[in-house]
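Comments concern the structure below.
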Amino acid sequence: MPSSRLYVTDAIVLSRFDYGEADRIMTLFTPVHGKFKAIAKGVRRPTSRLGGSLEPLAELRVALARGRTFDVVTQVEVSHAWLHLRDSLESAATAWYLAELADRSLEERHEAEGLYALLRHAYELLDAGMDPGRVARWYEMHLADELGVRPEVDRCVECDRMLESGETFRWVPPLGGVLCHRCPGPPADRAGLSVDAVKLLKAYQRLDVEALAALRLAPAVEREVEAAMRDFLRVSLERDARSLEFLDEVRRDLG
Ligand SMILES: [Zn+2]
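So this is what it looks like as C-alpha cells:
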C-alpha cells in the first residue's frame, strides 16, 4: 500500500455500529478532516489490536488508510481517556449528547477545528467535575456561535429595540431569539422567558467557563434556560434525514 494512502489524525468517536461479522463502522470527528465514517475491521474479535482503544468519550490518535468508500482504521492510541467523565451517569450521558450535537452540526469531510476544540474542551470540563448542565449550556451556546446562529438575547429580533429589564420577553427560536411584548408573535403564556433566564442566556454568551461554574443559580432558572437552548438548537439543526445519505453511501459501496 503506497504511503500517501496513510494518514494520522486526532479523533473523537461520535458514534459507531456493528457491521458484518466482526467489523464496526465508526463516525470519527477530527479537526482537519471534520467528520467522516471509517471502518475498523475485525474489531469485535477478542484478538483485535484495535478493540479496547477505539472507544467514544476519549481523544484518540488514529492511523487510517484511505479506502474507496470508508477509510480503514489501522492503528489507535488513546491520548486522553477522560476517565472521570464517566464517574456519573449524568456526566456520561451529557458527553453523548454533546457528541450527538456535534454529529448533527457537522458536514462530512469539512474542516471543523473550532467545533473540535469546543467538544474537546467540554469533555475536559466534564472530566474535571464541572456541573454537566452548565457544561452543556456553555457548549450549546458556543456551538450556536460556530454555526453562525448566535441567539439574540439583547434586542428584540423583530423591531431591534434594546430590551429593558422590566419588560416581558418571549423566546422564539424560529426568529432567532427574544421578542419584545410590542411585536406580534406567540402569546407570553406559551413562549414566556423570565428576566433571570434572559440574564443567564447572556451570561452563557459572555462569561468564561470558570465564572459560569461559580455562579449561584436557582434550579428553576437553569431549567428554563435548558428548555430554551434545547428549543433553539432543535430549530437551528433541522436537517434532512442523514440516515438516507448513509444508506446511499453503503449501497454505492456494495454496488
Ligand atoms: Zn419588538
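Under my numbering, the first residue of the sequence shown carries the number 910, and numbering increases by one thereafter.
Glycine included, C-beta positions come from ideal geometry on N, C-alpha and C.
Listed as beta-bridge partners of F945 by DSSP are L937.
Residue V1134 holds the alpha-carbon nearest to the alpha-carbon of R1079 among L1035, V1134, H1030, A1120.
Close CB contacts of V981 within its chain, under the 6 Å cut and outside five residues either way in sequence, are with I948, A974 (chain order). The straight-line gap separating the alpha-carbon atoms of P1128 and A1037 is approximately 22 Å. Cβ contact annotation for V1044 (same chain, cutoff 6 Å, sequence separation greater than five): A1031, L1034, L1035, in chain order. Pairwise C-beta distances place the stretch 985-993 out of contact with the stretch 928-935, as fewer than three of them are shorter than 8 Å.
Counting only the Cα atoms, D1098 lies some 43 Å from R1018. Contact between the stretch 1042-1057 and the stretch 1021-1028 is established, with three or more Cβ pairs separated by less than 8 Å.
Taking a cut-off of 8 Å on C-beta distances, the stretch 1087-1104 does not touch the stretch 1118-1127, as fewer than three cross pairs fall below it. Shortest Cα-Cα distance from D1105 to any of A1021, V985, L969, E1076 involves E1076. With contacts defined as CB atoms closer than 7 Å, A1004 and L969 fail to qualify as a contacting pair. Taking C-beta separations shorter than 6 Å and ignoring five residues to either side along the sequence, the partners of S1000 in its chain run L994, L1035, P1041, following chain order. V1062 is positioned such that its CB atom lies closer than 7 Å to that of K1111. Between I934 and K944, the C-beta spacing is not below 7 Å. Judged by beta-carbon spacing, A972 lies beyond the 7 Å limit of V922, meaning their Cβ atoms are not closer than that value.
In the DSSP assignment, E1033 falls within the unbroken alpha helix (DSSP H) covering 1022-1036.
Secondary structure within the stretch 1104-1147: the alpha helix (DSSP H) runs of 4 or more consecutive residues, fully enclosed, are 1104-1115, 1118-1123, 1128-1145 (chain order).
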